[in-house]
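With mature numbering (1 follows the signal peptide of the UniProt record, and there is no 0) applied, the sequence shown corresponds to residues -25 to -1, 1 to 129, in that order.
We put the CB at the ideal spot given by N, CA and C, even for glycine.
Below: one structure, written as structure tokens.
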Amino acid sequence: RDTSLTRNIPALSSLLALCTARVLAVFGDATAVANDAALLAQFCGLEACVVSVWVTADELRADSEATLVWLLHAWYLARAKVVEEAVAAQGLGAEESALLHASLQHQMTELAAQLHIRSLEKGFTASVLLQLPWLQPRADAACVLAAELGGEEP
């Protein structure tokens, strides 16, 4: 979200608040979304900008940060499938395919930046988080994990 725009244009701020409220009305309980196949399918169909509003909302509820990671991964897998289907259906070349994949990776990098990695259990960070293909840069999470295991602040 570009907060400078919402700060300078009051109507955009109001619109963002309405959008956030609507997204949270449906997907505000991350644990419920993760446990309901229909909600999960709807969530996986959201555009990246909507997922960004969702993941940055202060009112978002989750049993743990790991649930948010799991939902972002489910969304990523669904979007990666859409990208692959688009590449195949449209007969896109390597360059166009690479651009679509890079765009998805950029979206995931922005979404992952909203995660609170420090609140994840060390075992989850080491065994799951660092294995996710969309977590970039991995060095940031590895640094947090190393600091926590060593008892130091990075």
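When every heavy atom of the ligand GDP is checked, does at least one fall within less than 6 Å of the C-beta of residue i?
i: L(-10); result: The ligand GDP is not part of this structure, which contains no ligands at all.
Do you know offhand how far residue i's Cα is from residue j's?
i: G66; j: D11; result: 35 Å
i: P129; j: E60; result: Low confidence applies to P129: its pLDDT is 43, below 50, so where it sits in the model is not reliable, and the reading given next is rough at best. Spanning the two alpha carbons is a distance of roughly 41 Å.
i: A(-15); j: K97; result: 43 Å
i: L(-8); j: Q82; result: 23 Å
i: L52; j: A73; result: 17 Å
i: S102; j: L95; result: 11 Å
i: L(-11); j: L21; result: 18 Å
i: T31; j: I92; result: 14 Å
i: R(-25); j: P108; result: Bear in mind that a pLDDT of 48 at R(-25), under 50, signals an unreliable position, so the model cannot answer this.
Between which residues of its own chain and residue i is the CB-CB distance below 6 Å, once the five residues before and five after are set aside?
i: T42; result: A5, T6 and A9
i: F2; result: V8, F18 and W29
i: F99; result: A41
i: V62; result: S72
Nearest by alpha-carbon distance to residue i: which of the options is it?
i: R54; options: A16, D33 and A37; result: A16
i: L47; options: A(-1), A23, F99 and A32; result: A23
i: K56; options: V26, L79, E71 and L35; result: L79
i: S27; options: T84, L107 and S102; result: T84
i: L33; options: E71, L107 and V(-3); result: The displayed chain sequence assigns Asp, not Leu, to residue 33. Comparing Cα positions, the closest option is V(-3).
i: V25; options: E70, D38 and T(-6); result: T(-6)
i: R36; options: W50, A(-1), G68 and A13; result: A(-1)
Residue i and residue j look like a contact to me (Cβ under 8 Å); what is the Cβ gap, rounded to whole Å?
i: L110; j: A87; result: 6 Å
In its own chain, which residues sit with a C-beta less than 7 Å from the C-beta of residue i, not counting the 5 before and 5 after it?
i: V58; result: L75, H76 and L79
i: L90; result: E40, L43 and V44
i: A49; result: L15 and C19
Quiz item: Where are the alpha helix (DSSP H) runs, 4 residues long or more, that stay fully inside the stretch 4 to 92, in chain order?
Solution: The stretch 4 to 92 contains these whole alpha helix (DSSP H) runs: 5 to 10, 12 to 19, 23 to 31, 40 to 65 and 69 to 87.
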